[in-house]
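Position 310, counted from 1, in the sequence shown is what numbering that gives the first Met the number 0 calls 309; the numbers after and before it change by one each time, with no gaps.
Notes follow once the structure below has been shown.
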Amino acid sequence: MYSYRRYKWLAVFVAFAMVLTFLPAMSGAESECGDCGPLEILLLAGQNKEVGTVSISNDGEKICVTYALNEDALADGWLIYETHLAVSLEYEGIPQTRANRWGTNPIPGLYPYGDDDLDGVESYRECIPLAELGAEIGDCLFISAHAVVERFAGLGEIKSATIFGIGTTTAIGSNRDNDGNIYVVDPFADESSILFEDVWAAAGVNVGPWWYPNALAFDEDNGRLYFSLSQNSLYFYDIKTEAVINADPDNKFSNSENVLGATFAGGSYWYVLNQSDKLIEVNVDSDGIVTGVSAPISMGSPEDLSQGDIVFKDGVIYGSSGTGAGGGNNFKGFFSYNIAANTFTVLEQDSDYRALQLAWGLDGDNNEVLFGHQVEDGTWYTIDLAPYGVTQVKAGEEPFKTDRLEDLASGFEYEGIWEDETAWGEGQRFNTRGNWGMWLKYKICEPENGGPGNGETYVKFGSAWGNIDGEINYHPSNACYFTYEPGTGSMGEPIV
């Protein structure tokens, strides 16, 4: 028969075992801090994807933690959008939930350091004075480094659409002199307003109002609205900075005739020369500046194109041509041109609605639709391409009309599909089940002196060599040296 005393000791043993189970992380927290020296650990996203490193060093006065994405992650489009960093002399100084049987959960939103509003960066560095931490040489620090990395994975649903226009004189029957203003129009909302007034003055160009500005095309990825201010100039209005910029300071863009119409597609500005069927591609760099102009491409129209507009969709240029009152021997109607196949197709000839200015937009049900604007009287239409058809846009019972707009451009704003991953600097887990957040230890050591020699003085701080008289100068390579001239605070270029 078992005695009461034996049952008592068994109960005490079980209770003790349960206490140990509830405190798995504390044993690691109480262990030795480790050797001195720089520390570089992996930055892991989604538990096992190596997206970069977290480097930790100190210069005797402050500790610096650097997040850096690796080349593979950058090539895949990943960038850092948030960092949360906790550095403390005590394990309990890292914000955590109350312990359960598997440990604790970190609360990175309460970490005192980092930046949760980064605009997508390749690296991030945080330096904290040791005095602020109450730490000194020889102390052990508990560190938890968290980040959020994201990448753009493609376009989602259309969120909104904008139609831009260049204004012409408002009186019907008057000369079509452009007024120099940029408009935004929402045909189904019956709205039209000036976005930017007098682009001539902003650009410092005085070419007279006849036909210019013209040839609008919108780069929706970068928020740049391109237009010509003469036959041989190209500018853009930056939606974000509200500045008018000369896109062709080196005079690469040049045409000897008026532009029929323009559109922006595939990172290039495309336009068709009036009184021809010639399509020209203008390449621009990341700053929107012209880098080159292609030779004219004959699209194969049966007649020259005149006084219309073009838009782009899925590798195809759609266009209109011909004036509303004759127009000589020019092509009159709607057409399409497949860029890759180099094929010209007549969609409708001798249309009553030829020479409409064109732009993509959204209808009342948020469906993408092609709009046409009649410059002669300011009336708006929707255009079906397959099969071809034109429908007048109504504002109540009346046709929707705006000021007469000499040219249009269109741009969509998409929801965008983004992928995001939480990332942690590799270390010991707070929790043995579920949350995989991690922490590590770092021992504060005296900065190392020394270097490669050759009669010069070098100073090393952690994994970086830097200036002993000033700020630590981080370099991501562990074999990085800086020349240093004692007493001057002068540090030369790194020698890798």
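The beta carbon of each residue, even a glycine, is placed where N, CA and C say it ideally should be.
A quick note: this is a predicted structure, and the numbers were derived from the prediction, not measured.
Check, Outcome
"How about the region 58 to 78 and the region 87 to 104: do they share at least three Cβ pairs that are nearer than 8 Å?", "no"
"G287 and N213 - do their beta-carbons sit closer together than 8 Å?", "no"
"Based on the DSSP secondary-structure assignment, which residues constitute the bridge partners of G51?", "L42, L68"
"Is the beta carbon of F263 sitting closer than 8 Å to the one on F217?", "yes"
"With distances taken from CA atoms, which of C444, E131, L361, N104 is nearest T161?", "L361"
"DSSP on E418, reduced to helix/strand/coil?", "strand"
"Using CA atoms only, rank isn't needed, just tell me which of C444, G433, L439 is closest to G102.", "G433"
"Do you know offhand how far Q373's Cα is from G260's?", "14 Å"
"F343 to D303, Cα distance in whole Å?", "13 Å"
"For S192, which option in R403, A422, G424 has the closest C-alpha, if you only look at C-alpha atoms?", "R403"
"If you check the beta carbons only, do S319 and L369 fall under 8 Å apart?", "no"
"Looking at the secondary structure, which residues open and close the alpha helix (DSSP H) in which A130 lies?", "129 to 132"
"Roughly how far, in whole angstroms, is the beta-carbon of A85 from the beta-carbon of S143, given that I think they are within contact range, below 8 Å?", "5 Å"
"Would you call the CB atoms of L278 and I316 closer than 8 Å?", "yes"
"For W199, report the span of its alpha helix (DSSP H) as first-last.", "198 to 202"
"Nearest-angstrom Cα distance between K440 and P111?", "17 Å"
"When we look at the beta-carbon of R428 and count the other beta-carbons within 10 Å, is it buried (16 or more) or exposed?", "buried"
"Between D116, Q274, T290, D114, which lies nearest to K251 when the distance is taken from Cα to Cα?", "T290"
"Beta strand (DSSP E) containing R150: first to last residue?", "139 to 153"
"Report, in whole angstroms, the separation of the C-beta atoms of Y80 and G51, which I expect to be a contact under 8 Å.", "So it is not a contact: roughly 14 Å between Cβ atoms."
"Return the chain-ordered list of same chain residues with a C-beta closer than 7 Å to the C-beta of V243, the five sequence neighbours on each side being excluded.", "V198, A201, A202, Y234, Y236"
"Does the separation of the CB atoms of Y211 and N177 fall below 8 Å?", "yes"
"For G76, name the three-state secondary structure that DSSP assigns.", "coil"
"Nearest to A394 by alpha carbon, out of N282, G424, E190?", "E190"
"Am I right that P398 and T421 are in contact with their C-beta atoms under 8 Å? What's the rounded C-beta distance?", "No, P398 and T421 are not in contact; Cβ-Cβ is about 54 Å, not under 8 Å."
"Do you know offhand how far G153's Cα is from G76's?", "11 Å"
"Alpha carbon to alpha carbon, what distance is there between D383 and N366?", "13 Å"
"Please identify the residue among I136, L43, S87, E219 whose C-alpha is closest to the C-alpha of A146.", "L43"
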